[in-house]
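Working notes, structure below.
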Amino acid sequence: MKSSDKAEEELRQTLAQWRPLRISDAESLHQLISRIEMKDNPPYRTTIGEVRGWLQDTEKTRGRIGIAAEGPRKSEPICYAIVTLSDNSRECRARGGVCPDYRGLGVGGAVVSWQVEQGTTLLRDVTGEGGRILTQVAGEQNELQVHLTRMGFSWARSSYELRRELSDLPLMPQLGTYYSVELWSQEWDHAARRLYARLLEEQWSLPGQANDEWSIGMEAFRPEWSFVALDKTGDRPSLVGFVRVSAYPEDWEALGWSEGYIDLLGVEEFPGSHAISQALVIASMDSQAASGMRKVATGVGVASNAGALSFYEELGFNRSFQTRTYSYSV
1 MKSSDKAEEE LRQTLAQWRP LRISDAESLH QLISRIEMKD NPPYRTTIGE VRGWLQDTEK
61 TRGRIGIAAE GPRKSEPICY AIVTLSDNSR ECRARGGVCP DYRGLGVGGA VVSWQVEQGT
121 TLLRDVTGEG GRILTQVAGE QNELQVHLTR MGFSWARSSY ELRRELSDLP LMPQLGTYYS
181 VELWSQEWDH AARRLYARLL EEQWSLPGQA NDEWSIGMEA FRPEWSFVAL DKTGDRPSLV
241 GFVRVSAYPE DWEALGWSEG YIDLLGVEEF PGSHAISQAL VIASMDSQAA SGMRKVATGV
301 GVASNAGALS FYEELGFNRS FQTRTYSYSV
């Protein structure tokens, strides 16, 4: 039996009927994910818009949904698995989950096995070689971590959610005569994208991922909380930094408060960059506080950008939630 057939057979033996995911499954898949998140209680809630987005690109995405054959949720979705090829065609992002009522029955291990098979096929079909499959473990999902380790995944990095109250904010640092922090304007969007792409490649060794990263949070983007840093030493101002901030009100009920979320912070590397980074974040926090937000949050990956953790902690942020990324080499 081929390994791909083996993964399919394992899933057929886990109480679920296993079939391809379709765009028309978005509502039922979202309901399943909501049940999973109610149990695991991460500091976010996946929206129906996000789920639809996962299923739209059929050329780069493969997905399956498991329908219970018996048990407390007979004929309902109880598990899902999705693999999506990144824009750089070197990585696959794996998503999946199991209904809490059906955990401990081998479903999770079979889902991971299917993700490895399909991710491997996607990478080899496109590149002719390989790449890596990435998946995330949020909080204390110890059972998933065991399945990943058994399948040959290894830890790649850890990310932290960081938060602080929007009270007693730090003072704005002095930037000098020729630098200013100004409210986000659409005219700087292209320059900010170019800067972020360069930072991903030069500082964080993540070439070709700018489109994937930039698209995160765009539906929730709040320009009134976002700022750019400009260098005005020349005839025309040039962008040297930006902070892009979003609002995810669907998460606020689970959190118990309202907050803004710093999706992206990017600043050119030069002697004054630390103060400019601080000024961008402080300007955003001031604006969020004026809008009535109680807290501000962001996410930092410590393996790719360890300095960012201490940067935010200097500004009064505290660690509140950990997500671990695991990698499988193809």
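Letter by letter, the sequence shown follows residues 1 to 330 of full-length UniProt numbering.
Think of the CB as a built atom: it goes at the ideal place given N, C-alpha and C, for glycine as much as any other residue.
Everything numeric in this text was worked out from a predicted model, so none of it was measured.
Inclusion of Ser273 and Leu265 in the CB contact set at 9 Å is not warranted, their separation being larger than that value.
C-alpha of Ile36 to C-alpha of Ile78: approximately 10 Å in a straight line. Cβ neighbours of Arg294 within its own chain (closer than 8 Å, five residues either side excluded): Glu165, Leu166, Trp257, Ser258, Glu259. Under DSSP, Gln17 shares a beta bridge with Ile67. Inter-residue distance for Ile82 and Val146 is about 19 Å (C-alpha atoms, whole angstroms).
The residues Arg324, Tyr326, in chain order, have a CB closer than 7 Å to that of Trp155 in the same chain once the five nearest residues on each side in sequence are set aside.
C-alpha of Val228 to C-alpha of Asn318: approximately 25 Å in a straight line. Here Trp184 carries a coil assignment [DSSP, helix/strand/coil]. If you draw a straight line from the Cα of Lys74 to the Cα of Ile65, it is about 14 Å long. In the three-state scheme derived from DSSP, where H, G and I count as helix and E and B as strand, Asp263 is classed as strand. With 16 or more other CB atoms across the displayed protein chains lying within 10 angstroms of its CB, Phe153 is buried. For Val245, the beta-bridge partners assigned by DSSP are Ile262. Under the Cβ criterion (8 Å, minimum of three pairs), the stretch 89-106 counts as touching the stretch 26-46. Bridge pairing for Trp214: absent [DSSP].
About 5 Å separates the beta carbon of Met151 from that of Val112, a gap short enough to meet the 8 Å contact definition.
In chain order, Thr84, Leu85 place their CB closer than 7 Å to the CB of Lys60, counting only its own chain and leaving out the 5 sequence neighbours on each side. The DSSP-derived three-state label of Gln141 is coil.
Within a 10 Å sphere around the beta-carbon of Gly63 sit 16 or more other beta-carbons, which makes this residue buried. Rounded to whole angstroms, the gap between the alpha carbons of Glu201 and Gln288 is 30 Å. Taken in chain order, the complete beta strand (DSSP E) segments of 3 or more residues contained in the stretch 275-313 are 295-301.
Going by DSSP, Gln322 is part of the beta strand (DSSP E) stretching over 318-329. In this structure, Ala68 is the residue among Asn41, Tyr160, Ala68 with its C-alpha nearest to the C-alpha of Arg19.
A residue is called buried once 16 or more other Cβ atoms fall within 10 Å of its Cβ, and Gln174, having fewer, is exposed.
It is roughly 9 Å from the alpha-carbon of Gly131 to the alpha-carbon of Tyr328.
Note on geometry: alpha-carbon atoms of Thr233 and Tyr179 lie some 8 Å from one another. Between Glu182 and Leu239 the beta-carbon gap is near 10 Å, outside 8 Å, which marks them as no contact. The C-beta distance from Ser24 to Glu161 rounds to 33 Å, too long to meet the 8 Å contact threshold. Beta-bridge partners of Gly96 (DSSP): Ala81. In the DSSP assignment, Arg163 falls within the unbroken beta strand (DSSP E) covering 154-165. According to DSSP, residue pairing for Val228 in a beta bridge involves Glu182, Phe242. In the DSSP assignment, Gln56 is bridged to no other residue.
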